[in-house]
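Counting from 1 along the sequence shown, just add 36 to a position and that's the residue number in the working numbering. Just so you know, even glycine gets a beta-carbon here, dropped at the ideal spot from N, CA and C.
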Amino acid sequence: MRKSVVAAWLALSSIVAAVPAAADGPITLPPLAPGEALLEISAIGVATSPATSATLNVAISVEAPTDAEARSMAGAAIARVEAAARAAGVAAADIETRNVDAMTGPLGNAMYSEMNSTSEDMAYGVATVVIRVRNPAAAPGLQRTLGGLPDVGYVEPEYRLDDDSVARRSARADALRRARADADGYAASMNMRVARVLRVTERVGLDFMSIMSPDNPLVREMEAGRTTNDGQIRVVAVLGVDYALAPR
Numbered sequence: 037m038r039k040s041v042v043a044a045w046l047a048l049s050s051i052v053a054a055v056p057a058a059a060d061g062p063i064t065l066p067p068l069a070p071g072e073a074l075l076e077i078s079a080i081g082v083a084t085s086p087a088t089s090a091t092l093n094v095a096i097s098v099e100a101p102t103d104a105e106a107r108s109m110a111g112a113a114i115a116r117v118e119a120a121a122r123a124a125g126v127a128a129a130d131i132e133t134r135n136v137d138a139m140t141g142p143l144g145n146a147m148y149s150e151m152n153s154t155s156e157d158m159a160y161g162v163a164t165v166v167i168r169v170r171n172p173a174a175a176p177g178l179q180r181t182l183g184g185l186p187d188v189g190y191v192e193p194e195y196r197l198d199d200d201s202v203a204r205r206s207a208r209a210d211a212l213r214r215a216r217a218d219a220d221g222y223a224a225s226m227n228m229r230v231a232r233v234l235r236v237t238e239r240v241g242l243d244f245m246s247i248m249s250p251d252n253p254l255v256r257e258m259e260a261g262r263t264t265n266d267g268q269i270r271v272v273a274v275l276g277v278d279y280a281l282a283p284r
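Printed below as a string of structure tokens:
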């Protein structure tokens, strides 16, 4: 459970890093009326939206007696991957090859021990081919095709939402709904009611420890990652909402 909470904490931290910091100087809230009480709520909202593109990171690894042969074999594997991508309709401009390298000896053997080589004198060739798929629905089929090619170690997909503005508005609305539900619950337990909203902010400095409690269902949502199994992208909004509570 501790690892799950830490993973979710890291996911949330990456989101909060993009939230603008609070303005310099003291923040003044509207004055409370006699008998009113201040309630500060922190809430997380989540929305999902279909991915608009996908990137496939294709890892290539080969072994051969010499560096030259390893590079040649890696080049042939790269050509097979590129040909399969083009056959699937990927434009040449959306295919990029990175990190082509070859090495010989114990270091290479240790780094690529999963290839089960028994010789320290073998050469190892590696490369990464990055393929952008404009139609994300085509990514799973291309992933299976590439994964079946010789010398392809793995194919890791990354789904993207090129414009998350609509989903982010939905996530903020979800956070506001959750905040109001919490506020109504607090008010009812104090025999009070929510009188008005004093401030809404995407502020840094929220009570993350309470948000990241293992009992919070949002933690489980965030553990699942930013992309769902069907290629939907999760967008998260973190809000602070200050309410004035009044007697019933």
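Helix, strand or coil at residue i [DSSP, three-state]
| i | result |
| --- | --- |
| L185 | coil |
| P283 | strand |
| P86 | strand |
| E105 | helix |
| Y136 | The sequence shown places Val at residue 136, rather than the Tyr named in the question. V136 falls in the strand class under three-state DSSP. |
| R122 | helix |
| G221 | helix |
| G267 | coil |
| G71 | coil |
| L65 | coil |
| D210 | helix |
| R170 | coil |
| L197 | coil |
| D278 | strand |
| A215 | helix |
| A273 | strand |
| A127 | coil |
| E76 | strand |
Whole-angstrom distance between residue j and residue i, CA atom to CA atom
| i | j | result |
| --- | --- | --- |
| V271 | D278 | 23 Å |
| T102 | A127 | 33 Å |
| G125 | E238 | 42 Å |
| P86 | A174 | 13 Å |
| A207 | Q268 | 14 Å |
| L113 | T91 | According to the sequence displayed, residue 113 carries Ala and not Leu. If you take the alpha carbons of A113 and T91, they lie about 19 Å apart. |
| P176 | S89 | 12 Å |
| A231 | A282 | 6 Å |
| L275 | A203 | 15 Å |
| V82 | A209 | 9 Å |
| I80 | V94 | 34 Å |
| S225 | G184 | 60 Å |
| G111 | R170 | 25 Å |
| L182 | A123 | 11 Å |
| M109 | T140 | 15 Å |
| R223 | T84 | It should be noted that the sequence gives Ala, not Arg, for residue 223. Rounded to whole angstroms, A223 to T84 spans 31 Å at the Cα level. |
Buried or exposed by the 16-neighbour rule on C-beta atoms within 10 Å, applied to residue i
| i | result |
| --- | --- |
| P172 | buried |
| A187 | This sequence places Asp at residue 187; Ala is not what is there. The residue is buried, with at least 16 neighbouring Cβ atoms inside 10 Å. |
| A129 | exposed |
| D97 | Residue identity differs from the one stated: residue 97 is Ser in this sequence, not Asp. Classification of S97: buried, given that the 10 Å Cβ count is 16 or more. |
| Y190 | exposed |
| A211 | buried |
| S78 | buried |
| R214 | buried |
| A273 | buried |
| S40 | Confidence at S40 is low in this model, with a pLDDT of 48, below 50, so the placement of that residue is unreliable and no value is reported for it. |
| A69 | exposed |
| A115 | exposed |
| A104 | exposed |
Cβ shell of residue i (< 7 Å), same chain only, five flanking positions each side left out
| i | result |
| --- | --- |
| L234 | L65, P66, D278, Y279 and A280 |
| R284 | N227, M228 and R229 |
| A106 | V98, E99, A100, A138, A159, Y160 and G161 |
| Q179 | L92, V191 and P193 |
Other residues of its chain near residue i: CB distance less than 6 Å, five sequence neighbours each side excluded
| i | result |
| --- | --- |
| D60 | The predicted model places D60 with a pLDDT of 48, which falls under 50 and marks its position as unreliable; any figure quoted below should be read in that light. The answer is none, since no qualifying residue turns up. |
| R205 | none |
| D200 | V271 |
Meets three-Cβ-pair contact criterion under 8 Å: the region 109-125 and the region 217-225: no
Is the number of C-beta pairs between the region 155-167 and the region 73-80 that are closer than 8 Å three or more? no
Contact between the region 121-138 and the region 183-198 is defined here as three or more beta-carbon pairs at a separation below 8 Å; is this criterion met? no
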